[in-house]
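These notes concern the structure reproduced below.
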Amino acid sequence: MATQLHLLTLQSAQTGVLTSPEPDRYSLAPQTLAPCPIATNYFKLAMRYSTTYNRMMYLAKKKFSTWLAPHLKLTSTSDPEFTGKLLSLAEFILTNSPSSYKTPVLCIMRSDYMLDTSQSNPGPKLVEYNTIASSFGCLSTKLAKVHETVNETFALNQNIASNDATSLLVGGLSACCSQKGVIVMVVQPGERNLFDQGVIELEVMKRGRKIVRMSLDQISTHSTLDPASNVLTIRLDGSNVPVECVYFRAGYDPSDYKSEIDWEGRKKLELSTAIKCPDVFGQLFGAKKIQQILTIKEERDRLYEGEEESYKAQQNDIEKTWVKMWDLKEFDTIVQMVESASSSNTSFVLKPQREGGGNNVYGPDVLPHLKTLKPEERDGWVLMETIVAEKFDNTLVKEGKAAYDGVCSAEIGIFGVTCFDDEGNDRIQATEKNTQGYICRCKQEGVDEGGVAAGFAFLSSIRLV
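When we follow full-length UniProt numbering, the leftmost residue of the sequence shown carries the number 1, and every step to the right adds one.
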């Protein structure tokens, strides 16, 4: 193992599989020694649905007033400082800036799955879909190549799934900006995931596009929105350059909005004619509440009303990848269900309307947490059946050293890229969006959360079995 570990760390350092845990300090990203074993048929099934949720997001925006907004009203009341403000912003854009509302939306979606091994319903099961700031695609592309090098050097005969997530993401962004404009990557001050984001910057520039990093407060104070045309410009190399695409790698968490200046920056972006990735409507579609609503057939039928039969058939197929979810409206019934679940070895996870890892409540902690929720807080949470993930052995490597060697489980994330205009036409060429891109995160047995940046999981690649 030591020789393989040595080669892994050398290759990872050389190819840039790095993170920045604190300012001016770089280290190897947390990673696995070996790829994670994933059944080939399950992987292909998850890949088949790579853009299904993208289409749902487009439909939800088109039916904002009749479908998306009504489902989030109670949630926004329970979470007024975040979901509430996002919903108010969306309503403002729809009412006051029809041209901005009709601007095409770039959707870099990542759908996360765990492989359920239960005898009753095995297969890939959706953990969540991510509509904003989906990360680690570029580092995962690099790590797959590192694992391929280790595989070839030691003749391990592993069938490692190809990963072109970088090309997929960069192709989508480049298609939404001309050489005359600029892409603004919205980032957090003191961003730690510089190397994952930096690959995108470098590759976009290789395609002849300009790209700059800006925080929400910088956008508020260092950009200009033309009141007549809604064209947003920034000063770049002595000239005013139009912002043609906005790529959010921040803005998904309340902590990204430290003051009204940050909210003004977000409003400025939403009012502009720039293509957003995503816009506020797409971000709202990513709410946990909406994921729960999609498990209700009658609500899916309402969302898909008027769609082509091929889309309807696809959304019926994807139902096989879902587990049960509930809102907390029938609170006493939910509490009784959780109380009785211990005798049937059923477990649950309680999810708030938050992204980024470290926010969920798991297993034995669910019932006590439920009982602490005030009535006005309950609409901000959804309950989800726990996925029984497949187990295997692997070695988790932190800063070049084996941190754990034993039983693990994996979560895979499938990237899908689209850019639907107001009429539902996708401007991303098939050669760009049909590229295979994924992330794989591995965690030791007993760890529930799956966030790498939050310190719970380790990056990996996929060994098809």
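Think of the CB as a built atom: it goes at the ideal place given N, C-alpha and C, for glycine as much as any other residue.
Note that the coordinates shown come from a computational prediction; the quantities given were computed from them, not determined experimentally.
* **Whole-angstrom distance between Ile200 and Asn240, CA atom to CA atom** => Approximately 23 Å, taken between the alpha carbons.
* Same chain, Cβ closer than 6 Å to Lys288, neighbours up to 5 away in sequence not counted -> The residues are Lys351, Gln353 and Val382.
* Bridge-paired residues (DSSP) for Met325 -> Beta-bridge partners assigned by DSSP to Met325: Met384.
* **Residue closest to Gly84, alpha-carbon to alpha-carbon, out of Gln283, Phe195 and Ser162** => Comparing Cα positions, the closest option is Gln283.
* To do: Assign Phe154 to one of two classes, buried (16 or more other C-beta atoms within 10 Å of its C-beta) or exposed (fewer than that).
  => The residue is exposed, with fewer than 16 neighbouring Cβ atoms inside 10 Å.
* Asked: Given 8 Å as the limit, is there contact between the region 441-456 and the region 163-180, that is, 3 or more CB pairs closer than that?
  -> The region 441-456 makes no contact with the region 163-180, as fewer than three CB pairs between them are under 8 Å.
* To do: Enumerate, from N- to C-terminal direction, the unbroken beta strand (DSSP E) stretches of 3 or more residues contained entirely within the region 189-248.
  => List check, beta strand (DSSP E) in window: 210-214, 223-225, 232-236 and 239-248.
* Are the Cβ atoms of Ile38 and Ile412 separated by less than 8 Å? -> In contact: Ile38 and Ile412 (Cβ atoms closer than 8 Å).
* Asked: Exposed or buried, which one is Pro124 when buried takes at least 16 other CB atoms within 10 Å?
  -> Per the 10 Å Cβ criterion, buried.
* Quick one: what's Asn394 bridged to in DSSP? -> Gly406.
* How big is the Cα-Cα spacing for Lys391 and Tyr129? -> So the two alpha carbons sit approximately 23 Å from each other.
* Tell me whether His131 sits in a helix, a strand or coil according to DSSP, three-state version. => Reading off the sequence, residue 131 comes out as Thr, not His. Residue state, collapsed to three classes: coil.
* Asked: Are Thr418 and Asn54 touching if we call contact CB-CB under 8 Å?
  -> Contact flag set, yes.
* To do: May I ask which residues mark the beginning and end of the beta strand (DSSP E) holding Glu22?
  => Start and end: Leu18 to Glu22.
* If we count the other Cβ atoms within 10 Å of its Cβ and call it buried at 16 or more, is Lys210 buried or exposed? -> Buried, since its Cβ has 16 or more Cβ neighbours within 10 Å.
* To do: Return the Cβ separation of Val388 and Ser135 in integer angstroms, given the expectation that the two are a contact with Cβ distance under 8 Å.
  => 26 Å between Cβ atoms; not a contact.
* Asked: With a Cβ-Cβ cutoff of 8 Å, do Gln197 and Ser215 count as a contact?
  -> Taking a C-beta distance under 8 Å as the contact criterion, Gln197 and Ser215 do not qualify as a contact pair.
* 8 Å contact criterion, which Thr341 and Phe348 should meet: CB distance rounded -> Reading off the sequence, residue 341 comes out as Ala, not Thr. Contact between Ala341 and Phe348 holds: their C-beta atoms lie close to 7 Å from each other, under 8 Å.
* If you draw a straight line from the alpha carbon of Leu396 to that of Glu339, how long is it in whole angstroms? -> Each residue's alpha carbon lies about 35 Å from the other.
* Taking the C-alpha atoms as reference points, what is the distance between Leu18 and Glu399? -> Their Cα atoms are separated by approximately 9 Å.
* **Three-pair Cβ contact test at 8 Å for the region 263-280 versus the region 42-52** => Output reads no: the region 42-52 does not touch the region 263-280.
* Where does Lys44 land, buried or exposed, given buried means 16+ other C-beta within 10 angstroms? -> By the neighbour-count rule (16 or more Cβ atoms within 10 Å), Lys44 is not buried but exposed.
* Give the DSSP-derived three-state secondary structure of Glu174 in the structure shown. => Before going on, a small fix: residue 174 reads as Ser here, not Glu. DSSP places Ser174 in the helix class (H, G or I) of the three-state scheme.
* Taking only the alpha-carbon atoms, compute the straight-line gap between Gln158 and Arg463 and give it to the nearest angstrom. => Rounded to the nearest angstrom, the gap between the Cα atoms of Gln158 and Arg463 is 6 Å.
* Asked: How far does the beta strand (DSSP E) with Thr164 in it reach, from first residue to last?
  -> It should be pointed out that residue 164 corresponds to Asp in this sequence rather than to Thr. Element bounds for Asp164: n/a, residue is neither H nor E.
* To do: Give the DSSP-derived three-state secondary structure of Ala313 in the structure shown.
  => Helix, per DSSP.
* Identity of the residues DSSP links to Pro352 by a beta bridge -> Partner(s): Trp381.
* Assess, as a yes-or-no matter, whether the region 73-90 is touched by the region 368-386 under the definition of 3 or more beta carbon pairs within less than 8 Å. => As far as the Cβ criterion goes, the region 368-386 touches the region 73-90, which means the pair count is three or higher.
* For Val186, which three-state DSSP category applies? -> In this structure, Val186 counts as strand in the three-state DSSP scheme.
* Could you pull out every residue in the same chain whose Cβ sits closer than 7 Å to the Cβ of Lys320, ignoring the five residues on either side in sequence? => Cβ within range, chain order: Gly123.
* Compare the C-alpha of Gly286 against each of Leu28, Lys61 and Val246 and name the closest. => Residue Lys61 is the option with its Cα nearest to Gly286.
* **Cβ-Cβ distance between Ser97 and Leu225 below 8 Å** => In this structure, Leu225 does not lie closer than 8 Å to Ser97 by Cβ.
* Among all the DSSP beta bridges, which residues are the ones paired with Glu330? -> None, per the DSSP bridge assignment.
* Is it buried or exposed for Arg25, if we count other Cβ within 10 angstroms and need 16 for buried? -> When all chains shown are included, Arg25 counts as exposed.
* **Val366 versus Glu355, Gly357, Thr386 and Glu203, residue with shortest Cα-Cα distance** => Answer by Cα proximity: Thr386.
* How many angstroms separate the CA atom of Met205 from the CA atom of Val182? -> Distance between the alpha carbons of Met205 and Val182: 10 Å.
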